[in-house]
Amino acid sequence: PEISDALIAEGAEGALEDRLFDLPVSEAITRPSGRPRYTLLAPRPIWTLARDGSVWVHGGSSYRLTRYDADGTPTLIVDRAVEPQTVSETDRTVLAGWIERTFPTPLIASVMGGINFAPAFPFVFALEIGPESTLWAQRFRPPSTVPEAIRESINVGPENPEVFLADPSLRLGAPDWDVFDADGRYLGVVTLPEGFEAVAFAGDAIYGIWRDRMDIEYVKRVRVVIIQP
Numbered sequence: 001p002e003i004s005d006a007l008i009a010e011g012a013e014g015a016l017e018d019r020l021f022d023l024p025v026s027e028a029i030t031r032p033s034g035r036p037r038y039t040l041l042a043p044r045p046i047w048t049l050a051r052d053g054s055v056w057v058h059g060g061s062s063y064r065l066t067r068y069d070a071d072g073t074p075t076l077i078v079d080r081a082v083e084p085q086t087v088s089e090t091d092r093t094v095l096a097g098w099i100e101r102t103f104p105t106p107l108i109a110s111v112m113g114g115i116n117f118a119p120a121f122p123f124v125f126a127l128e129i130g131p132e133s134t135l136w137a138q139r140f141r142p143p144s145t146v147p148e149a150i151r152e153s154i155n156v157g158p159e160n161p162e163v164f165l166a167d168p169s170l171r172l173g174a175p176d177w178d179v180f181d182a183d184g185r186y187l188g189v190v191t192l193p194e195g196f197e198a199v200a201f202a203g204d205a206i207y208g209i210w211r212d213r214m215d216i217e218y219v220k221r222v223r224v225v226i227i228q229p
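Counted from 1, the sequence shown has number 194 at position 194 by the numbering used here; the numbering is strictly sequential.
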């Protein structure tokens with residue numbers, strides 16, 4: 001049977017106190033015949049901790065966000081009617097090219113079982129808590145939507161094979177983030193600057209890494225201003 005990850009509460013001294021709940025099982029690595037089969041872009045659970053101790057979880061199979069309280073009880077469900085984005089032939093070609101440049105061919109064939117992609121991109125790439133307890137859900141960015149001039153500069157994953165095989169995720173976060181208020185109401189989309197990779201949300205700011213056209217990295221701070229209606 002597949003093994004799921006669990007969210008565990010820790011006490012002030014670091015001791016494990018309670019198993020809150022199990023996350024949905026990721027389909028990125030399965031073992032249909034005893035050997036691992038890797039399916040890139042397969043749905044996987046994503047979660048983030050809110051300031052009040054509750055946890056927001058995206059299960060991966062649809063655009064559904066669930067808030068659990070500190071005891072692991074679901075208290076709010078947010079659904080959005082969003083059609084999945086199909087993984088196009090261009091997407092497959094770009095991503096396969098990156099993998100083949102990074103990993104030896106024998107590794108791809110013998111360990112990964114070939115390059116397999118899910119039929120559609122997941123709905124959410126990352127979750128973060130923003131100013132005034134807003135919830136930010138980052139969309140996926142299909143390579144086919146990225147201008148060809150900057151496709152090669154996108155940092156889509158770790159170059160260490162062991163790290164990638166342990167967690168076969170691709171860094172395809174879009175500049176676009178869906179924003180919800182603390183009660184789950186949809187507020188709209190925030191588009192961050194091109195080339196900016198969000199790393200941490202703190203107060204009214206987003207800290208991250210910005211890369212210029214020469215792929216030189218800079219630490220950047222983006223201020224978020226919420227205008228009340």
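Where is the CB? At the ideal position from N, CA and C, for every residue including glycine.
Sub-9 Å separation of residue i and residue j beta-carbons
i, j, result
"W56", "L7", "no"
"A118", "H58", "no"
"I206", "V219", "no"
"A120", "L41", "yes"
"S144", "T191", "no"
"T139", "D79", "Inspection of the sequence shows that residue 139 is occupied by Arg rather than by Thr. No. Outside cutoff."
"L135", "G208", "no"
"G53", "P24", "no"
Burial state of residue i, where buried means 16 or more other Cβ atoms lie within 10 Å
i, result
"R44", "buried"
"I77", "exposed"
"V163", "exposed"
"Y63", "buried"
"L49", "exposed"
"E10", "exposed"
"G195", "buried"
"T39", "buried"
Euclidean distance between Cα positions of residue i and residue j
i, j, result
"P122", "R51", "26 Å"
"P147", "R141", "12 Å"
"E83", "A12", "43 Å"
"S133", "G203", "10 Å"
"E100", "P168", "14 Å"
"D181", "I129", "10 Å"
"V94", "F201", "30 Å"
"P1", "M214", "Note on P1: pLDDT 46, under 50, position unreliable in the model; the coordinate value appears next. Between P1 and M214, the C-alpha separation is close to 47 Å."
Inter-residue CB distance, residue i and residue j (contact presumed, cutoff 8 Å)
i, j, result
"G113", "R37", "5 Å"
"T102", "E27", "Going by Cβ atoms, the distance from T102 to E27 rounds to 22 Å, so no, they are not a contact pair."
"V156", "L170", "5 Å"
"V189", "P131", "Rounded, the Cβ-Cβ distance is 16 Å, inconsistent with contact."
Any 3 or more C-beta pairs closer than 8 Å across the stretch 49 to 69 and the stretch 10 to 24: Contact holds: three or more Cβ-Cβ distances are below 8 Å.
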